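Visitor:
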Amino acid sequence: MSDAQPHLYLVDGSSYIFRAYHRLPPLTNRHGMNTGAVYGYTAMLWKLADGLSKADGPTHMAVILDKGSSSFRNAMYDQYKAHRPPAPEDLKPQLPLIRVATRAFSIPCIEEEGLEADDIIACYTAAARQAGWKVTIVSSDKDLMQLIEDDGSVDMLDTMNDRRIDRDYVVEKFGVPPQQLGDVLALMGDSVDNVPGVPGIGPKTASQLIQEHGSLEAVLAAAPEIKKPKLRENLIAHADNARLSRELVRLVCEMNLPEPLEALALQNIPEAPLREFLEEQGWKSLLNRMVGQGARPSNGERPPAPVREAGPGAPEAISVDRSTYATISDAATLGQWIAEARAQGRVAIDLQGDGGHGLAEGLAGVSLAIGPGKAAYVPLGHGTPDLLNEGPAQLGLKEGLGLLRPLLEDESVLKLGHNLKDQLKLLAEQGIVVSPVEDVMLASFALDGGRYGHALDELVKRHFEHECLPLKAVCGTGQKAIRFGDAPIAAATEYAAENADMVWRLWQRLEHRLAAEHATRVYRLVDLPLVPVVGAMERDGVKVDRAYLAELSGTFAAETASLEERIFAAAGGPFTIGSPQQLGQVLYDRLGLKGGRKGKSGNYSTDQAELERLEADGVEVARLVLDWRLLTKLRQTYTDALQAQIDPKSGRVHTRYALAAAQTGRLSSTDPNLQNIPIRTELGAKIRNAFIAEEGFSLLSADYGQIELRLAAHIADVPQLKEAFAKGEDIHTMTAMELFGDAGKDSRGKAKTINFAILYGISSWGLAGRLGISRDEGKAMIDRYFERFPGIKDYISTTLEKVRERGYSETLFGRKTHFPNIRSSIMSLRQGAERAAINAPIQGTSADIIKRAMVRMPGALADAGLSDARMLLQVHDELVFEVPQGREEQAAEVIRDVMANAAAPVVTLDVPLSVEVGWGANWGVAH
DNA sequence: TCGATCCCGTA
DNA sequence: GTACGGGATCGAG
Numbered sequence: 001m002s003d004a005q006p007h008l009y010l011v012d013g014s015s016y017i018f019r020a021y022h023r024l025p026p027l028t029n030r031h032g033m034n035t036g037a038v039y040g041y042t043a044m045l046w047k048l049a050d051g052l053s054k055a056d057g058p059t060h061m062a063v064i065l066d067k068g069s070s071s072f073r074n075a076m077y078d079q080y081k082a083h084r085p086p087a088p089e090d091l092k093p094q095l096p097l098i099r100v101a102t103r104a105f106s107i108p109c110i111e112e113e114g115l116e117a118d119d120i121i122a123c124y125t126a127a128a129r130q131a132g133w134k135v136t137i138v139s140s141d142k143d144l145m146q147l148i149e150d151d152g153s154v155d156m157l158d159t160m161n162d163r164r165i166d167r168d169y170v171v172e173k174f175g176v177p178p179q180q181l182g183d184v185l186a187l188m189g190d191s192v193d194n195v196p197g198v199p200g201i202g203p204k205t206a207s208q209l210i211q212e213h214g215s216l217e218a219v220l221a222a223a224p225e226i227k228k229p230k231l232r233e234n235l236i237a238h239a240d241n242a243r244l245s246r247e248l249v250r251l252v253c254e255m256n257l258p259e260p261l262e263a264l265a266l267q268n269i270p271e272a273p274l275r276e277f278l279e280e281q282g283w284k285s286l287l288n289r290m291v292g293q294g295a296r297p298s299n300g301e302r303p304p305a306p307v308r309e310a311g312p313g314a315p316e317a318i319s320v321d322r323s324t325y326a327t328i329s330d331a332a333t334l335g336q337w338i339a340e341a342r343a344q345g346r347v348a349i350d351l352q353g354d355g356g357h358g359l360a361e362g363l364a365g366v367s368l369a370i371g372p373g374k375a376a377y378v379p380l381g382h383g384t385p386d387l388l389n390e391g392p393a394q395l396g397l398k399e400g401l402g403l404l405r406p407l408l409e410d411e412s413v414l415k416l417g418h419n420l421k422d423q424l425k426l427l428a429e430q431g432i433v434v435s436p437v438e439d440v441m442l443a444s445f446a447l448d449g450g451r452y453g454h455a456l457d458e459l460v461k462r463h464f465e466h467e468c469l470p471l472k473a474v475c476g477t478g479q480k481a482i483r484f485g486d487a488p489i490a491a492a493t494e495y496a497a498e499n500a501d502m503v504w505r506l507w508q509r510l511e512h513r514l515a516a517e518h519a520t521r522v523y524r525l526v527d528l529p530l531v532p533v534v535g536a537m538e539r540d541g542v543k544v545d546r547a548y549l550a551e552l553s554g555t556f557a558a559e560t561a562s563l564e565e566r567i568f569a570a571a572g573g574p575f576t577i578g579s580p581q582q583l584g585q586v587l588y589d590r591l592g593l594k595g596g597r598k599g600k601s602g603n604y605s606t607d608q609a610e611l612e613r614l615e616a617d618g619v620e621v622a623r624l625v626l627d628w629r630l631l632t633k634l635r636q637t638y639t640d641a642l643q644a645q646i647d648p649k650s651g652r653v654h655t656r657y658a659l660a661a662a663q664t665g666r667l668s669s670t671d672p673n674l675q676n677i678p679i680r681t682e683l684g685a686k687i688r689n690a691f692i693a694e695e696g697f698s699l700l701s702a703d704y705g706q707i708e709l710r711l712a713a714h715i716a717d718v719p720q721l722k723e724a725f726a727k728g729e730d731i732h733t734m735t736a737m738e739l740f741g742d743a744g745k746d747s748r749g750k751a752k753t754i755n756f757a758i759l760y761g762i763s764s765w766g767l768a769g770r771l772g773i774s775r776d777e778g779k780a781m782i783d784r785y786f787e788r789f790p791g792i793k794d795y796i797s798t799t800l801e802k803v804r805e806r807g808y809s810e811t812l813f814g815r816k817t818h819f820p821n822i823r824s825s826i827m828s829l830r831q832g833a834e835r836a837a838i839n840a841p842i843q844g845t846s847a848d849i850i851k852r853a854m855v856r857m858p859g860a861l862a863d864a865g866l867s868d869a870r871m872l873l874q875v876h877d878e879l880v881f882e883v884p885q886g887r888e889e890q891a892a893e894v895i896r897d898v899m900a901n902a903a904a905p906v907v908t909l910d911v912p913l914s915v916e917v918g919w920g921a922n923w924g925v926a927h
């Protein structure tokens, strides 16, 4: 190591320990004390000290801690950090251990009464800079980011997420450089430290304002001219709070250094005290690392890094010149391209529709790519046929598709596409069955699910840092939008050919990862084969009784009108009932009702729970509004909207299923969403009766009973649950008996709530809210549940451990869902990710199973001589079919069989899957 | 015309 | 507490 510039590492010990406590799994030392956080802390110090001889590693190091509970900021503002919950019980005894651990490393530990760690860090940073040293602050606290210097002389290291935080990071995250960060933080406030900020201003607005005006004072000065009324008022009314907040977030250095800089030199660490500490704690793995290494755990030997998969990797820079794309308007040229595609054995294709959603309205053209940058557009339906003008030179639809058909159907030529479902649907209408195919959207979904969206332009941006020509640049937007087929051919070529080009390049990049990252099974055996199946469901659509819906609409409307009158009478005048803002004002300001709860936008909450609370207090208008909401919701969202969605050509409703939208692997349904048709309320359930079978057919509904609980029983290996399912017992009753020793209505209801809470990633707070009990009672109930069903507890901890280590969860079939926030330093994000990570394997396995059933269904029906039976809808655990009358029993047998055995042979479940089947003239009676 | 927010329907 | 999509309102452009 040369005598280069000294480099001081300042470790923000207090904040580290809190974060470590929340994110690391609990760990018990040999005295039965939880030491997870201290262990994490020790491992971190180890790693840092290990950098002594490394480039950019520390030459000097100190740990800075908070001391005492109040600082000069409390004198400034007595509410500062007032709402901080006390440290969790099992963290408290760990706090003094930090000092012990730090001493064991012979690293100085600095704390000062009345000063927060942040201020001490600011002081040392200033002193070290003055001495010409480099400083790295080991923390992820945003307040400390104010200290970062543009020239790199001060940066931060977030060891939790293993990343350097520098000026660019701050600019990216907050929109301003570190020098202006304090102003942004002052505006946005901090609910954890109870820094007030300005109401209604969050990170986004704060950053925008400071960027615009340069400083907090400038923002406050300009406040009267700000256009947005709410923002203006808040800025003026809370200017003092903003200034106070500015002082609260300011880091101050008003102390003499308790230890001189030179005293912080990092030495080789003496072995004895460290060994003693590790032995005391019983941390064998760290002890073993010391063996033969001397005390300093360096000498090049690092513990093996956790196994991480490749991931999307760094973006690959590409150069794209859209002007080189070809437009093909004659048969000879197209023939040459087709020949070259044949020679390559693969071709990327993209179809351009004519308007409306997806490709429903017909074909404007086809683009092809036969290599990176080698792409062309074949217009087929541009311009409107016109007796006087010929329109643009192009191959006609018939001729063009005639030439392309042999290529598209050639089994020896691989067709690459993005979201091929919609394109294959359209070609199928022309009688062209494309095979074989690969879909980059689905490949990306299988590889990078949960990481980001899988739209083509987003994938291109992520993988190539390239911006695709947006469709609106070609077709415009809104009312003035034109059909793709009416766009100028030159622009259409740039857009369409680029898409095919990008598909080609993406497949090159994704293909090899499928096998390497074990995503092949989900991609090839589940999602890809589902494409034509779902395409057929969309094409077939479901018949809807328009007259019946219209009648319901009428009834609902009349009912709504009378409710409206009564609401206005009770409210003392008309207002927009549908506006939560106005409703809140009427209830709490005009009528003066008590107990209004305001959300962060400053409006009163008027959601169902609040209105029900008012209703219980005898407020009649609350009941009326609830009824009004139910009726308007049903009318607007269902009876009216559904009528509008009936395709005039088929008289049926053709929903569209998104295959790569839901993180867990579920399908989603849009335009209209047929996966949220009402059923729970009596009134809502009437809407299901509008879904009817074609003349001579019945609607048949088959749904899995409690599939997610069954999967939880299997995955978490809970003997009692598995046994109950095997015997066909009522699962919630069984749970109630286990938990409470009785299965009265009340107990069973509670048990049911807990069972669901488990699936959703339980928290004592959430359960308490749901059951209307205290948090402690909720906690006790969860503890009891874990005690009775230890498998569930193990499942949760091992799942989280795995996700933290690898970054993703997996279903029984190997579908991965990534959780980028699982190690976030922002608690709410992290906890959200944890709940989702607990739920994803269960919800995702259920999605895999029903998808496998769907893939097998058409063949199974055909084999049974039921090719007239059609699968129409999927609602997560339910499939809806149209079956010829008189064949219902037989179809039910086949369907039940396919669904119940859909996990096999890949996965053998310890619990049976039950399938309930019903049928009738409409969905309401079938379900 | 667009995005954010609130509210609410399903599994 | 999980996973979605969509309607209305509101405020901005």
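The UniProt record's numbering numbers the first residue of the first sequence as 1 and each following residue consecutively.
Ideal placement from N, C-alpha and C gives every residue a C-beta, glycine not left out.
This structure is a prediction, so every number in the text was calculated from the model and none was measured.
Over the uninterrupted alpha helix (DSSP H) stretch that includes Gly918, give me the two end residues.
Guide: On the first sequence, residue 918 is found 918 positions in, with the first residue counted as 1. No alpha helix (DSSP H) contains Gly918, which is instead part of the beta strand (DSSP E) from 915-920.
Visitor: From which residue to which residue does the beta strand (DSSP E) around Glu429 run?
Guide: As a position in the first sequence, residue 429 is number 429, starting the count at 1. Annotation: Glu429 is outside any beta strand (DSSP E); the continuous alpha helix (DSSP H) that includes it extends over 420-429.
Visitor: Roughly how many angstroms lie between the CA atoms of Asp910 and Ile792, to the nearest whole one?
Guide: The sequence position of residue 910 within the first sequence is 910, counting from 1. The sequence position of residue 792 within the first sequence is 792, counting from 1. C-alpha separation (whole angstroms): 15 Å.
Visitor: If distances are taken between C-alpha atoms only, which option among Tyr523, Ala840, Ala49, Phe756 comes closest to Asn268?
Guide: The residue you call residue 268 lines up with position 268 of the first sequence. Residue Ala49 is the option with its Cα nearest to Asn268.
Visitor: If you compare alpha carbons, which of Glu340, Lys415, Glu834, Pro199 is closest to Glu233?
Guide: Numbered from 1 along the first sequence, position 233 holds the residue referred to as residue 233. It is Pro199.
Visitor: Where does the unbroken alpha helix (DSSP H) through Thr738 begin, and where does it stop?
Guide: Sequence index remark: in the first sequence, residue 738 carries index 738 (1-based). What sits at residue 738 in the sequence shown is Glu, not Thr. Note, Glu738: alpha helix (DSSP H), 731-740.
Visitor: DSSP three-state label for Arg250, please.
Guide: Indexing the first sequence from 1 puts residue 250 at position 250. DSSP places Arg250 in coil when its eight states are reduced to three.
Visitor: Just to confirm, is the Cβ distance from Gly541 to Asp671 under 8 Å?
Guide: If you number the first sequence from 1, residue 541 lands on position 541. If you number the first sequence from 1, residue 671 lands on position 671. No, Cβ-Cβ distance for Gly541 and Asp671 is not below 8 Å.
Visitor: For His927, which residues in the same chain have their Cβ closer than 8 Å to its Cβ, ignoring the five residues on either side in sequence?
Guide: Along the first sequence, one-based indexing puts residue 927 at 927. Contacts found: Ile679, Arg688, Ser701, Asp703, Glu878, Gly918.
Visitor: Is it the case that the region 365-378 contacts the region 494-509, given that we only count it when at least three CB pairs across the two stretches are under 8 Å?
Guide: Counting Cβ pairs under 8 Å, three or more are found: they touch.
Visitor: What does DSSP give as the partner residue(s) for Cys109 in the beta ladder?
Guide: Sequence index remark: in the first sequence, residue 109 carries index 109 (1-based). DSSP, once it has assigned bridges, lists Val63 as partnering Cys109.
Visitor: Taking the Cβ atom as the reference point for each residue, do Glu438 and Trp507 lie within a distance shorter than 8 Å?
Guide: What you label residue 438 is simply residue 438 of the first sequence in a count that begins at 1. What you label residue 507 is simply residue 507 of the first sequence in a count that begins at 1. In this structure, Trp507 lies closer than 8 Å to Glu438 by Cβ.
Visitor: Taking Cβ to Cβ, would you say Ala43 is nearer than 8 Å to Leu91?
Guide: Stepping through the first sequence from its first residue, residue 43 is reached at position 43. Stepping through the first sequence from its first residue, residue 91 is reached at position 91. Their beta carbons are not under 8 Å apart, which means Ala43 does not touch Leu91 by this criterion.
Visitor: Using a Cβ-Cβ cutoff of less than 6 Å, which residues in the same chain neighbour Glu329 once the five nearest sequence positions on both sides are dropped?
Guide: Here residue 329 corresponds to residue number 329 of the first sequence, with the count starting at 1. The sequence given here places Ser at residue 329; Glu does not occur at that position. The residues are Ala393, Gln394.
Visitor: Thinking Leu414 and Ile432 are a contact (beta carbons under 8 Å), I'd like their distance in whole angstroms, please.
Guide: Against the first sequence, residue 414 aligns to sequence position 414. Against the first sequence, residue 432 aligns to sequence position 432. With a Cβ gap of about 16 Å, Leu414 and Ile432 do not count as contacting.
Visitor: What is the DSSP secondary structure of Phe725, counted as helix, strand or coil?
Guide: Here residue 725 is taken as the residue at index 725 of the first sequence, counted from 1. Reduced to three states, the DSSP call for Phe725 is helix.
Visitor: Three Cβ pairs or more, each shorter than 8 Å: is that satisfied between the region 440-458 and the region 659-669?
Guide: yes
Visitor: State the DSSP-derived secondary structure class of Tyr16, mapped to helix, strand or coil.
Guide: Walking along the first sequence from the start, residue 16 turns up at place 16. Here DSSP, grouped into helix, strand and coil, assigns Tyr16 to helix.
Visitor: So does the region 111-121 actually touch the region 249-257, counting three or more Cβ pairs closer than 8 Å?
Guide: yes
Visitor: Could you name the residues of the same chain whose beta carbon sits closer than 7 Å to that of His818, not counting the 5 residues immediately before and after it, in chain order?
Guide: What you label residue 818 is simply residue 818 of the first sequence in a count that begins at 1. Asp448, Gly449, Gly450, Arg451, Gly807, Tyr808, listed in sequence order.
Visitor: Less than 8 Å between C-beta atoms, sequence neighbours within five positions excluded: which residues of the same chain meet that for Leu257?
Guide: Position 257 of the first sequence, counted from the first residue, corresponds to residue 257. The residues are Cys123, Tyr124, Ala127.
Visitor: Specify the secondary structure class of Tyr124 as computed by DSSP and reduced to three states.
Guide: Mapped onto the first sequence, residue 124 falls at position 124. Assigned with DSSP and collapsed to three states, Tyr124 falls in helix.
Visitor: Taking all protein chains shown into account, decide if Thr136 is buried (16 or more other Cβ within 10 angstroms of its Cβ) or exposed.
Guide: Taking the first sequence and counting its residues from 1, the one referred to as residue 136 is at position 136. With 16 or more Cβ atoms within 10 Å of its Cβ, Thr136 is classed as buried.
Visitor: DSSP three-state label for Gly300, please.
Guide: For the purposes of this step, residue 300 is taken as residue 300 along the first sequence, with counting starting at 1. Confidence in Gly300 is poor, its pLDDT being 34 and thus under 50, which makes the residue's placement unreliable; the coordinate value appears in the next sentence. Gly300: coil per DSSP, three-state reduction.
Visitor: Gly292 to Ala265, Cα distance in whole Å?
Guide: Start at 1 with the first residue of the first sequence, and residue 292 comes out as number 292. Start at 1 with the first residue of the first sequence, and residue 265 comes out as number 265. With a pLDDT of 45 at Gly292, under the threshold of 50, the modelled position of this residue cannot be trusted; read the value that follows with caution. Their Cα atoms are separated by approximately 24 Å.
Visitor: For Lys543, does the count of other Cβ atoms within 10 angstroms reach 16, so buried, or fall short, so exposed?
Guide: By 1-based counting over the first sequence, the position of residue 543 is 543. That one is buried.
Visitor: Quick check: what's the CA-CA separation for Phe364 versus Ala557?
Guide: Residue mapping note: residue 364 aligns to position 364 of the first sequence, counting from 1. Residue mapping note: residue 557 aligns to position 557 of the first sequence, counting from 1. Residue 364 is actually Ala in this sequence, not Phe. Answer to the nearest angstrom: the Cα atoms are 42 Å apart.
Visitor: Excluding five sequence neighbours on each side, which residues of the same chain lie with their C-beta closer than 8 Å to the C-beta of Arg462?
Guide: Stepping through the first sequence from its first residue, residue 462 is reached at position 462. Result list for Arg462: Pro312, Pro315, Tyr452, in chain order.
Visitor: Just to confirm my understanding: we take Lys779, look at its own chain, exclude 5 residues before and 5 after, and list those with CB closer than 6 Å. What are they?
Guide: Counted from its first residue, the first sequence places residue 779 at position 779. Hits under 6 Å: Ser764.
Visitor: The beta strand (DSSP E) with Pro884 in it runs from where to where?
Guide: As a first step, residue 884 is located in the first sequence; it is residue number 884 there, counting from the start. Start and end: 878-884.
Visitor: May I have the straight-line CA-CA distance separating Ala223 from Pro203, to the nearest angstrom?
Guide: Indexing the first sequence from 1 puts residue 223 at position 223. Indexing the first sequence from 1 puts residue 203 at position 203. The alpha-carbon atoms of Ala223 and Pro203 are separated by roughly 18 Å.
Visitor: I'd like the list of long-range same chain contacts for Arg513, defined as Cβ closer than 6 Å, with 5 residues on each side in sequence excluded.
Guide: In the first sequence, the residue the question calls residue 513 occupies position 513. Around Arg513: Leu447.
Visitor: Return the residue from the list Glu615, Ala837, Ser825, Gly832 that minimises the CA-CA distance to Glu810.
Guide: Residue mapping note: residue 810 aligns to position 810 of the first sequence, counting from 1. The candidate whose alpha carbon is nearest that of Glu810 is Ala837.
Visitor: Out of Ile201, Asn901, Ser140, point me to the one whose CA is closest to Gly602's CA.
Guide: Locating residue 602 in the first sequence gives position 602, counting from the first residue. Among Ile201, Asn901, Ser140, the Cα nearest to that of Gly602 belongs to Ile201.
Visitor: Determine the closest residue to Met61 out of Leu244, Glu259, Leu231, with distance taken between C-alpha atoms.
Guide: Sequence index remark: in the first sequence, residue 61 carries index 61 (1-based). Comparing Cα positions, the closest option is Glu259.
Visitor: DSSP has Arg656 in a bridge; who is on the other side?
Guide: Indexing the first sequence from 1 puts residue 656 at position 656. Paired residue(s): Thr670.
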